[in-house]
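Number of protein chains: 2
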Amino acid sequence: MLISTIIKAVDLKNIKITDNYLGDRIKLVTDQVIPYQWKALNDEIPGAPKSHSIENFRIAAGQTAGEFHGMPFQDSDLAKWIEAASYSLIHQPNKELEQKIDNVIDLISAAQLENGYMNTYFTVAKPDSKWTDFSHGHELYCAGHLIEAAVAYFEATGKKKFLDIMCRFVDHIDSIMGPEPHKRQVYCGHEEIELALIKLYKVTNERRYLKLCEYFINERGKQPCFLAEENGFALGANDRWFHLDYHQAHLPVREQVTAEGHSVRAMYLYCAMTDLAIETNDEQLKDVLKKLWDNVTNRRMYITGGIGSQGHGERFTLDYDLPNDVAYAETCASIGLIFWANRMLKMDPDGKYADILELALYNSVLSGMSLDGTKYFYVNPLEVFPETASYRHDHKHIAAQRVGWFGCACCPPNIARMLTSLGEYIYTQSNDGIQVQLYIGNESEFTIGGNKVKLSMNTNYPISGDVLIDMDVETSHTFSIGLRIPTWSSDFKVMLNGETITTGVKIVNGYLYINRQWDKGDQISLQFEMEAKKVRANPRVRENAGKIALKRGPIVFCLEEVDNGSWLTSLSIPKNAEITFKEKGGKPFIQVEATRLVEDSFYGNLYGSEEVEVEKVEAKAIPYSDWGNRTPGEMLVWIRES
Amino acid sequence: MLISTIIKAVDLKNIKITDNYLGDRIKLVTDQVIPYQWKALNDEIPGAPKSHSIENFRIAAGQTAGEFHGMPFQDSDLAKWIEAASYSLIHQPNKELEQKIDNVIDLISAAQLENGYMNTYFTVAKPDSKWTDFSHGHELYCAGHLIEAAVAYFEATGKKKFLDIMCRFVDHIDSIMGPEPHKRQVYCGHEEIELALIKLYKVTNERRYLKLCEYFINERGKQPCFLAEENGFALGANDRWFHLDYHQAHLPVREQVTAEGHSVRAMYLYCAMTDLAIETNDEQLKDVLKKLWDNVTNRRMYITGGIGSQGHGERFTLDYDLPNDVAYAETCASIGLIFWANRMLKMDPDGKYADILELALYNSVLSGMSLDGTKYFYVNPLEVFPETASYRHDHKHIAAQRVGWFGCACCPPNIARMLTSLGEYIYTQSNDGIQVQLYIGNESEFTIGGNKVKLSMNTNYPISGDVLIDMDVETSHTFSIGLRIPTWSSDFKVMLNGETITTGVKIVNGYLYINRQWDKGDQISLQFEMEAKKVRANPRVRENAGKIALKRGPIVFCLEEVDNGSWLTSLSIPKNAEITFKEKGGKPFIQVEATRLVEDSFYGNLYGSEEVEVEKVEAKAIPYSDWGNRTPGEMLVWIRES
C-alpha cells in the first residue's frame, strides 16, 4: 500500500476554491444566500413561511415577550446558518457578518439556562417537559447543530465564547445522561449530537465528549428500547413508518446492516459511527459501516445520489424500491451522504466513496437550490409532472417548483454550510502525501513532512475531463500524490510535465498514486475520458426496467418540458441513438436522437390495438441539478429506450 | 333507424343463465356466497372483521342491548345482501332463504321509528343527530339500498311488506326534504337514493318518488352548497380530496362534464341521471351524460374497466392519470359502471356502452371475488409487488391477496347482487325487437308484439367467439334482432340457418340488426374473430408508454409470479412475438414469447452503462379476473414491449 491508513481532512483555511463550475455557486451562497437566509431567520422575506428562529431566542432570553413558533428543532436552522456563515468568513472576511454572528451568540448565551441547558422550544413552550421526548423533541439534535456551529465559528475566528456556551451545555448533558446508574440511559431520536461531540472533542481535546458520543452510539437500539416507552413515541405507536427503525433504534447499531428509517437521521448516525470507528480503530464498527455503505449505494440510492424513497417518514424503504415520481430524496439526506462519504474515505481509502460524494454533490445536492440561490427543493424527485404532482394525494410531498423557504427549513442552510465548506472535500491528506478526491479548481497549501506544498488545480471540470495540477514546493522532496480515477471514466491519461509517467505509479482502490520527488513547477496533467453515455439500472429497480438515464462524468441529465414539449414519457431513445455533448456559456447539455409517440394517432381513444405511430425528434437534456430554473413544466431523468 | 328509441330491460324472471364461463360463478354466489355473507353479516366468520349488521338492527329494534358497531352505512351491507338473495330466489326458489329474509324484514320493520325513519347508526349511536351530516352520514344512501332490496324482494316474491316499510320511510323523507320552502333543501353526500327512488317509482307508480329523485338530482351542486356548511363536512374542510367535488357537488349536475370525486358516488349519480333523462326525455341531461361517459371511458378508466385511480378519497383524479401499482379501481365502482352502462344503453342504443359493460364485468368485477367465492378484493390494482404493496405508505390501500371480509364491506354483497341479477344485462328489448348485449349462454322468453319468443343462446364465450342462438316463436312473425358486434372483434361472420344473410340486415352503432319474419327453429350463428392481441394505451397514460397489455375478446390477461418467476417487470414482449391462446379445463391462458433482463449481468451493481443481458423465455398470462387464486406473488397487466 502506498497510502497510509491515517487519512485526515485538510484545513478549510488552506483551500481557496477557484472553480468555474462551482465557484459561482459558492460565491452566490456567500454573497446572496447567507444574507438571504439571515433575512429568512428574521422573518423578513415577504411571502415566505415565518421562521421565527431569532425571535424564539429573544423570547427564551427574556428580551421580548411572545410565543414560540415553528418546529421543535427551529434552533437548528439558526445553528446551520451560523455554521455556513462561519465557513464563509474563512475565505471572505466580513466584519459586518462577524458582528452579526457575535450578536447572535450573545443572544444564544442569554437564552442559556443557569444549568447550561439551551433549547428555545422547551424553554419557552414546554418548560416542564425538558428531556421527556427523545423521539421527536430534538433537544440533543439542536445541541448538536449548535456545537457544529460553535466549532465552525471558533475555527473561523478563534473566538471561544460560543464554544464555551456549548461546552457548558454538553457538560450539563454529560452530567445527566450516560451509562452510570445515576444517569439516564437515553439518546436522541434524531442523531446529530454524536458527530458534533466528536468535532467538539477534536477542538477541545476533552475525552468526556468522545466518551459521551461513544455512549450514545453504543446505547442506540438496545432492546427493550426506552423510545418505545416514552410519550413522544405516540406517533410511532400509531404509525408503523415511525416505529423504532425510523430512529435507527430497532437493533443495536452494530447489528444494523441495512439502512432503515429516516434517511437524514441514518446519515448523521453513520457519520458519527465512522468518526468513532476511526478514532477508536473499531474494526467491528468499520465492518458494519462497509455493509451499510453497500446497502445504501448498491440497493437504495437514486442515480442522482438521492436517498430515502418514501415521503411518509422521509425514509428508506426496501432494496430496489426507487420510484421516480414519488421519490423523497431529501436534499439534507444527500448532504448527509456526502458527510458520510467524506468520513468513509478517511476510514477506508477507496475511490468508491469519493465517486458517490461527487455524484451527490453535482446532482441531488445542487438541485436543492435554484441557480439564483433564493429558492429551494426539500424533495428531489426524478420525474415530475406538475399537474399530477399538484393533484395526487400520494404526490403531496412533491413540489414542481422550488420555493423561497419552508416551515421546516432544514435544507436551505444545510446546502449553504455544505457549499461554504466544500474545500474540505477536495483533498485528504495522509502522512505520506495528498489524495485528490474531487476535481474542483482550487489553490491550496499543505504541510507534508514539515515542508510546505502548494497545489494549483485548473480545470473546466465537469464540463471537461481535463485537469492541470501545478506544484509549488518549498524544497524538492518525496511524497505521494493520489489521484482519484472516477469509475465513470472508461479511460484516462496522466502526464507529468507533458510526458507519460512510467515509474513510481500504482493504481490502488480507485486511485493512481504517484510517489516521487516533487520539484517546484512540476505539473500533472489529467485527461479523463468523459463521454456522454446511457446508464441503466439494475433490473430489480422495477420503475427503470427498459429505461436509460443520460450521464456524462458525474453529471446526470434530465429532460425538461421547456426544451422537449409536454408528455415527456412519450419520448424514447433508440438503442443506437447518437448522443452529443455540448456546452454553451458554461452550461452543459446533451442532444440526442429520440422518438416520440404520436398521441394524435390514437384519435382520442384511451386503448387501441394498433401500434402507436412514432416520429423522430431531437431531445435536449440538461443537468438534473439545473432543472426547474426556467419555465415550470415536466421533468424526466429515466427515459424509455427503444 | 331500425331500432326504436324505447329500450327496456328484460325481466330477470324470463332469463335463465346456462353459461359455461359465468354460470359456475353465479351458482357459487347462490349456493356459497349468499350463505357465507349471511354468516358474515351475523359475525359468524372466524377471523373476519366483525360486521354487526344484523345485531345493529336488533339493537335498534330494542330486541337486544348493546352498542352500534361498524360504519355509519353498515345497514347497506344487509340491504345489498337481501337484494342479492332476492335475485337468487327468482331462479332458485329456496324456502329457507326466503324465511330468513322474511325474518330480517320483520327485524327491519321493528327497527323503523314511528315516523318512518330507519337507520340503525343514527337510531342507536346518534339519536339526536339525525339529518345533520349529509356529507358522510349516509342516511339517504342506506335508505336507497334498502329500497333497492325491497323492490328486488317484491319482484322475486310478490311480497309487499318490505316495500311498504320503505314507502313509509320515503314518505317521511319526502315530507321533510324538497324544493318547497318549508322543507329542507338537501341531498345525500353519497348518491344512491336517487336511482332507488326511480326503481320504487316504477314498481309503485307513485310520481312523488320520481319527483323526489328529480329534486335531489337538480338540487345537487347548486352554489353556495349546503354541504360545505354542515358539521359533517369538517373532513372536507381539512382535506381537499374530500371537498365538494368528492360528492359531485362542486357544480350543478348539468354543468358537470368530467367525472370527479368518489367514483362509486359518481357512478350511482350518473345511473340516476340516466334513468331520469330517459324517464323525462331530458335532452340536456342526455347530452351531459354522453360527455361524462366519454370522459370516464376515454380518459379515466383502466383497461380492466376499473375506475378511480386514487386510494385517498377513493376517487377520480385527472385525465390519463392511471397508475397501475397504486390504482384504486374499487370493485364497487366497476359494478357502478356496469349499472350506468346498462342505463346508457337504454338511453342511447350504442354498442360502445355494452362493450364497456362487458369489459368491466369480465375483468374488474370478477376480480373482486376469489374463485371459491369466500375472499374479496376491494381494490383492484393492475400491478402488484407484494413486498412493496405491504411496505410502502402510498400502497397502503393495496392488498396483495383477497381477504375474507372488510370492516367496510360494500364490495362483497355488491358483487353478489351484480352476479345474481346478471340476466338483466344480456338483452334489451324495444317495441320492435330484441337486442343482444352480452354473449352469455341462456334460455330466455320475451313477448314481442303480443307474441311469445323464446331464445336459447349456446356458446363457450369468451373462450370461443362462436355463438348459436336458437329461436322458438309461438307464431312466425316479424321483428328485429340486434346483435352487438364487439369493437374488439376485427372480423365476424353471421349466418342464419347455416347460410349467409343477404337481406334485411343493417349495421347501426355497433349492432347488426336482422329484421325479418322469424320462424320456429331459426338459428343464428355468430362467429367473432377473437384473436389474442396486444393492446396499447394512449401515450398520455404515462405509466403505460412503451407497454402492452394482452387481451383476447373481452378478457384482459396478466402475468403472475407463480407462472413466470419473480421480478415480472424484467419481462418484455418483443414486437413480433408469437401470441398463442390456449385453454385447459375451461381456463383460458396465453403463451407468449418474451425476454427477461438478466439481473446477474449487473453483478450486484445498482447502475451501470453496459446493456443489460436478456434471455428468451416463454411467458404465460392468465385472465386478470383470476389472479391471486394460487400461490401469492407478483402480478402485472402492462408489460414492456421490446
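So the protein lines, in turn, are chains A and B.
Each step along the first sequence adds one to the number in my numbering, with nothing skipped, and position 77 is 77.
Start counting at 1 in the second sequence, then tack on 642, and there's your number in my numbering.
C-beta atoms are modelled at their ideal positions from N, C-alpha and C, and glycine is treated no differently.
Strictly under 9 Å for the Cβ-Cβ distance: is residue 631/A near chain B by that measure?
As a working note, residue 631/A is residue 631 in the first sequence. By this cut-off, residue 631/A is not an interface position.
Using a beta-carbon distance below 9 Å, is residue 1269/B in contact with chain A?
Position 627 of the second sequence, counted from the first residue, corresponds to residue 1269/B. No, residue 1269/B lies away from the interface with chain A (no Cβ there is under 9 Å from its Cβ).
Check the Cβ of residue 1172/B against every Cβ in chain A and list those closer than 8 Å, keeping chain order.
Counting from 1 along the second sequence, the entry for residue 1172/B is found at position 530. Chain A residues near residue 1172/B: none, gap ~13 Å exceeds 8 Å.
Select from the segment 564 to 576 of chain A all residues with a C-beta closer than 7 Å to any C-beta belonging to chain B, and list them in chain order.
567, 569, 570 and 572
Give me the Cα-Cα distance between residue 1102/B and residue 665/B, rounded to the nearest whole angstrom.
Residue numbering aside, residue 1102/B sits at position 460 when the second sequence is read from its first letter. Residue numbering aside, residue 665/B sits at position 23 when the second sequence is read from its first letter. Rounded to whole angstroms, residue 1102/B to residue 665/B spans 11 Å at the Cα level.
Spell out the partners DSSP gives residue 1271/B in its beta bridges.
On the second sequence, position 629 is the one that residue 1271/B refers to. Partner(s): none; residue 1271/B has no beta bridge.
Report the residue from 463/A, 430/A and 435/A whose alpha carbon sits nearest the alpha carbon of residue 449/A.
By 1-based counting over the first sequence, the position of residue 449/A is 449. Of the listed residues, the one whose Cα sits closest to residue 449/A is 430/A.
When the Cα atoms are used, what is the spatial distance from residue 311/A to residue 339/A?
On the first sequence, residue 311/A is found 311 positions in, with the first residue counted as 1. On the first sequence, residue 339/A is found 339 positions in, with the first residue counted as 1. If I take the Cα positions, the gap works out to 22 Å.
Which residues in chain A sit within 7 Å of residue 952/B, going by Cβ to Cβ distance?
On the second sequence, residue 952/B is found 310 positions in, with the first residue counted as 1. Per Cβ cutoff of 7 Å: 392 and 393.
Could you check if residue 539/A is buried or exposed, using at least 16 other CB atoms within 10 Å of its CB as the buried criterion?
Against the first sequence, residue 539/A aligns to sequence position 539. By the neighbour-count rule (16 or more Cβ atoms within 10 Å), residue 539/A is buried.
Nearest-angstrom Cα distance between residue 1001/B and residue 1068/B?
Working through the second sequence from its first residue, we reach residue 1001/B at position 359. Working through the second sequence from its first residue, we reach residue 1068/B at position 426. Each residue's Cα considered, the two are about 14 Å apart.
Give the single residue among 792/B, 1266/B, 1105/B and 1248/B whose Cα lies nearest to the Cα of residue 811/B.
What you label residue 811/B is simply residue 169 of the second sequence in a count that begins at 1. Comparing Cα positions, the closest option is 792/B.
Chain A residues whose Cβ lies nearer than 9 Å to that of residue 680/B
In the second sequence, counting from the first residue as 1, residue 680/B sits at position 38. Here the premise fails: no neighbours, minimum Cβ distance about 35 Å.
Coil, strand or helix - residue 4/A by DSSP:
By one-based count along the first sequence, residue 4/A stands at place 4. Note that residue 4/A scores a pLDDT of 39, beneath 50, so its modelled location is shaky; the value from the coordinates is reported in the next line. In this structure, residue 4/A counts as coil in the three-state DSSP scheme.
Give the interface partners of residue 883/B over in chain A, defined as CB-CB distance under 7 Å, in chain order.
The residue you call residue 883/B lines up with position 241 of the second sequence. Ordered by position in chain A, the residues that pass the 7 Å Cβ test against residue 883/B are 393.
Contact test: residue 213/A Cβ vs the ligand NAD heavy atom, cutoff 8 Å
The model depicted lacks the ligand NAD and carries no ligand whatsoever.
Using a Cβ-Cβ cut-off of 9 Å, state whether residue 606/A counts as contacting chain B.
In the first sequence, the residue the question calls residue 606/A occupies position 606. Chain B, which has a Cβ nearer than 9 Å to the Cβ of residue 606/A, makes this yes.
Reduced DSSP category for residue 584/A - H, G, I as helix; E, B as strand; rest coil:
Taking the first residue of the first sequence as 1, we reach residue 584/A at position 584. Looking at residue 584/A - three-state DSSP - the assignment turns out to be strand.
Own chain residues within Cβ distance below 8 Å of residue 845/B, not counting five before or after:
As a position in the second sequence, residue 845/B is number 203, starting the count at 1. So the qualifying residues of the chain are 793, 796, 797 and 805.
Nearest to residue 468/A by CA position, among 445/A, 494/A and 452/A, is which residue?
In the first sequence, counting from the first residue as 1, residue 468/A sits at position 468. When each option's Cα is compared against that of residue 468/A, the closest is 494/A.
For residue 235/A, which of helix, strand or coil comes out of DSSP?
Along the first sequence, one-based indexing puts residue 235/A at 235. Of the three classes helix, strand and coil, the one that applies to residue 235/A here is helix, per DSSP.
Assuming residue 436/A is part of the beta strand (DSSP E), what are its boundary residues?
Along the first sequence, read from residue 1 onward, the residue named residue 436/A stands at position 436. Element bounds for residue 436/A: 433 to 436.
Distance, residue 941/B Cα to residue 662/B Cα
As a first step, residue 662/B must be located in the second sequence, where it is residue number 20. As a first step, residue 941/B must be located in the second sequence, where it is residue number 299. Cα to Cα, the separation comes out at about 33 Å.
Restricting to Cα atoms, I'd like to know which of 62/A, 37/A and 64/A is closest to residue 51/A.
For the purposes of this step, residue 51/A is taken as residue 51 along the first sequence, with counting starting at 1. Ranking the options by Cα distance to residue 51/A, first place goes to 37/A.
Proximity test, Cβ basis, 9 Å: residue 1332/B and chain A
Outside the modelled stretch of chain B, which goes from 643 to 1284, sits residue 1332/B, for which no answer is possible.
Contact set for residue 864/B: own chain, Cβ-Cβ below 7 Å, skip 5 residues either direction
In the second sequence, counting from the first residue as 1, residue 864/B sits at position 222. Same-chain partners within the cutoff: 894.
Cβ-Cβ distance between residue 391/A and residue 1164/B below 9 Å:
Taking the first sequence and counting its residues from 1, one reaches residue 391/A at position 391. Taking the second sequence and counting its residues from 1, one reaches residue 1164/B at position 522. Taking 9 Å as the Cβ cut-off, residue 391/A and residue 1164/B do not qualify as a contacting pair.
Between the Cα of residue 808/B and those of 821/B, 958/B and 841/B, spot the shortest distance and give me the residue it belongs to.
Position 166 of the second sequence, counting from 1, holds the residue named residue 808/B. Of 821/B, 958/B and 841/B, the residue nearest in Cα terms is 841/B.
Report the residue from 1045/B, 657/B, 888/B and 1065/B whose alpha carbon sits nearest the alpha carbon of residue 687/B.
Indexing the second sequence from 1 puts residue 687/B at position 45. The shortest Cα separation from residue 687/B among 1045/B, 657/B, 888/B and 1065/B belongs to 1045/B.
Exposure label - residue 939/B; buried when at least 16 CB within 10 Å
Start at 1 with the first residue of the second sequence, and residue 939/B comes out as number 297. Its Cβ being crowded by 16 or more others within 10 Å, residue 939/B is buried.
Amino acids of chain B, ordered along the chain, whose beta-carbon sits closer than 9 Å to that of residue 306/A
Here residue 306/A refers to the residue found at position 306 of the first sequence. Ordered by position in chain B, no residue passes the 9 Å Cβ test against residue 306/A, which lies about 12 Å from the chain.
The alpha helix (DSSP H) enclosing residue 280/A, as first and last residue numbers:
The sequence position of residue 280/A within the first sequence is 280, counting from 1. From DSSP, the alpha helix (DSSP H) with residue 280/A extends over 263 to 280.
Determine, using beta carbons only, whether residue 462/A comes closer than 9 Å to chain B.
Here residue 462/A refers to the residue found at position 462 of the first sequence. Closer than 9 Å: no.
Rounded C-beta distance between residue 993/B and residue 1151/B? I'm assuming under 8 Å.
To locate residue 993/B, count along the second sequence from 1; it is residue 351. To locate residue 1151/B, count along the second sequence from 1; it is residue 509. At roughly 6 Å, the Cβ-Cβ gap stays under 8 Å, so residue 993/B and residue 1151/B are in contact.
Residue 254/A, enclosing alpha helix (DSSP H) - first and last residue:
If you number the first sequence from 1, residue 254/A lands on position 254. Where residue 254/A is concerned, there is no enclosing alpha helix (DSSP H), given that its DSSP letter is neither H nor E.
Measuring alpha carbon to alpha carbon, tell me which residue in 700/B, 1183/B, 1225/B and 1087/B is nearest residue 1285/B.
For residue 1285/B there is no data in the structure shown, the boundaries of chain B being 643 and 1284.
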